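Every position in the sequence shown, counted from 1, becomes a number in the working numbering once 78 is added. The C-beta atom is built at its ideal place from N, Cα and C for all residues, glycine as well. Computed from a predicted structure; not experimentally measured. Worksheet: one structure, shown below.
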Amino acid sequence: MQFKAGTQLWVWPATAAAPELAATEDLDRVELDAANAAVLFVEGAADVEKIMADYRERLAQVPVVWLVYAKGNKAPVNRDTLWTQLLEYSWRAVSNVSYSDTLSAIRIRPLKPGEEVRQA
């Protein structure tokens, strides 16, 4: 996950302890409506449901959206469960990266009109 200079970043929840995402001269923390990137920290399916219920339409306008979750079996969600859950909201995962030693991240986006996704 790399952000370019001038990135306008929205982080959810706002209280997420993410010192690497603190505002710098290259990265500004902003409200969702001003963001061109979003990083959302999820601990379980309920967080994804809340995000999709509360922010889905506005997130669809953000070019870069990442979900960050615990690696391995340390959380009730993983890449595969997130993929399935996101499809219920007509969103999909597009890439998967290591965020840190303990966290993974998937980049997500809404499905394009007429786009069909096959699950493995």
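Item: Limits of the unbroken alpha helix (DSSP H) element including residue 126; Value: 123 to 137
Item: Beta-carbon spacing of residue 165, residue 142 below 8 Å; Value: no
Item: Neighbour-count burial assignment, residue 175, 16 or more Cβ in a 10 Å radius; Value: exposed
Item: Nearest to residue 190 (by Cα), restricted to the options 121, 162, 139, 182; Value: 139
Item: Those residues which DSSP pairs with residue 174 across a bridge; Value: 184
Item: Cβ-based burial, residue 126 [other Cβ within 10 Å; buried from 16]; Value: buried
Item: Coarse secondary structure for residue 86, derived from DSSP in three states; Value: strand
Item: Buried or exposed by the 16-neighbour rule on C-beta atoms within 10 Å, applied to residue 172; Value: exposed
Item: For residue 147: DSSP bridge partner residues; Value: 182
Item: Residue range of the alpha helix (DSSP H) that includes residue 267; Value: Summary: the structure shown does not reach residue 267, with the chain confined to residues 79 through 198, and so no result is reported for it.
Item: Coil, strand or helix - residue 189 by DSSP; Value: coil
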